[in-house]
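Undergrad:
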Amino acid sequence: EQAHRGHSNFHRNLTKLSQLDLSVNNFMGVIPFSFRNFGSLLLFIVSTNNLNGSIPEEIFQLPSLSMFLNLSQNSFTGKLPVSIGSLANVSVIEISRNHLSGEIPDSIQNCKSMQRLLLNGNALSGGIPKSLSQLKGLQYLDLSSNDLSGAIPVQVGLLDDLQLLNLSFNNLEGKVPNSGVFLEFNRIDLEGNDRVCGGPRVLMLPVCHSHVHSKRILALKLAIALASLATIFILLSCA
């Protein structure tokens, strides 16, 4: 009975815990569901461990979490849960260097207090969601070293508070926006995206060729080739 009372008191104290940092250990396996009972957590860090499996949605539903969520440098797999949008008060979310796949959910636009978002070093795919432009206080966005594709949304670069945008080493393509953060070389990183073009001169990217322009060039080349063949045919006929 005394042992049971002690366990109850211990658990009750844990429910009042406001900060939990378990980083740089050798913890293995999945995050236990019991963490959902830590309703007073403001800060939750389990970075640099050997945790794996899917990230429990309950982590994103901790009601008091408002300072820092750091799950980086583990071996988490699966998709980024839609419930990430429940973290309306969190300032920093760092889930970099894992094995997450799938698209970045649009629900992330609900993280209205977000200042720093780091999802680099995963296998996230699809396009960069325009919904990120709803994070008006975002200062630092790192989506580098993923499999993101498509064009870069103009809206993301126009965030007033954005100081650094790292989109390097993805599969992005098309014209780079000519406004906002893209105007300053030291605030944008597009290295490793070989199919992007245009944008401000300071980025020194290749000139974009429109689809129509490309079709005209192809048609001209075809016309020249046909004219050459016709000339050769006439010369051979006269020989």
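Taking my numbering, I'd label the letters of the sequence shown as residues -5 to 233.
Yeah, the Cβ is synthetic: ideal placement off N, Cα and C, and Gly gets one too.
Quick caveat: nothing in here was measured; it's all calculated off a predicted structure.
1) For a test of the three-state rule: what should DSSP assign to residue 189, helix, strand or coil?
2) The alpha helix (DSSP H) spanning residue 245 covers which residue range?
3) Whose C-alpha, out of 153, 89, 25, is nearest the C-alpha of residue 181?
4) So which of 39, 11, 34 has the shortest CA-CA distance to residue 21?
5) Short check: CB of residue 98 to CB of residue 112, under 8 Å?
6) Our contact map puts residue 190 next to residue 166 with C-beta atoms below 8 Å; I'd like the distance itself, whole angstroms only.
7) Are there 16 or more other CB atoms within 10 angstroms of the CB of residue 69, so buried, or fewer, so exposed?
8) Rank 89, 9, 116, 199 by C-alpha distance to the C-alpha of residue 187 and give the top, closest one.
9) What separation, rounded to the nearest whole angstrom, lies between the Cα atoms of residue 71 and residue 220?
10) What does the alpha-carbon distance come out to for the pair residue 48 and residue 12?
11) Report the partner residues of residue 87 according to the DSSP bridge assignment.
12) Does DSSP put residue 206 in a helix, a strand or coil?
TA: Reading off the structure:
1) Here residue 189 refers to the residue found at position 195 when the sequence shown is read from its first residue. Of the three classes helix, strand and coil, the one that applies to residue 189 here is strand, per DSSP.
2) Outside the shown range of the chain, which is -5 to 233, sits residue 245, and nothing can be said about it.
3) For the purposes of this step, residue 181 is taken as residue 187 along the sequence shown, with counting starting at 1. Relative to the Cα of residue 181, the nearest Cα in the group 153, 89, 25 belongs to 153.
4) One-based indexing of the sequence shown puts residue 21 at position 27. Nearest option by C-alpha distance: 39.
5) Translated into the one-based positions of the sequence shown, residue 98 becomes position 104. Translated into the one-based positions of the sequence shown, residue 112 becomes position 118. In this structure, residue 98 sits away from residue 112, with a CB-CB distance that is not shorter than 8 Å.
6) Taking the first residue of the sequence shown as position 1, residue 190 is located at position 196. Taking the first residue of the sequence shown as position 1, residue 166 is located at position 172. At roughly 6 Å, the Cβ-Cβ gap stays under 8 Å, so residue 190 and residue 166 are in contact.
7) Taking the sequence shown and counting its residues from 1, one reaches residue 69 at position 75. Residue 69 is exposed by the Cβ-count criterion.
8) By 1-based counting over the sequence shown, the position of residue 187 is 193. The residue with the shortest Cα to Cα distance from residue 187 is 199.
9) Position 77 of the sequence shown, counting from 1, holds the residue named residue 71. Position 226 of the sequence shown, counting from 1, holds the residue named residue 220. Roughly 55 Å between the two C-alpha positions.
10) The residue you call residue 48 lines up with position 54 of the sequence shown. The residue you call residue 12 lines up with position 18 of the sequence shown. Straight-line Cα distance between these residues: approximately 24 Å.
11) By one-based count along the sequence shown, residue 87 stands at place 93. Beta-bridge analysis with DSSP links residue 87 to 63, 111.
12) Along the sequence shown, one-based indexing puts residue 206 at 212. Summary for residue 206: the model assigns pLDDT 41, below 50, so the residue's position carries little reliability, and this model does not support an answer.
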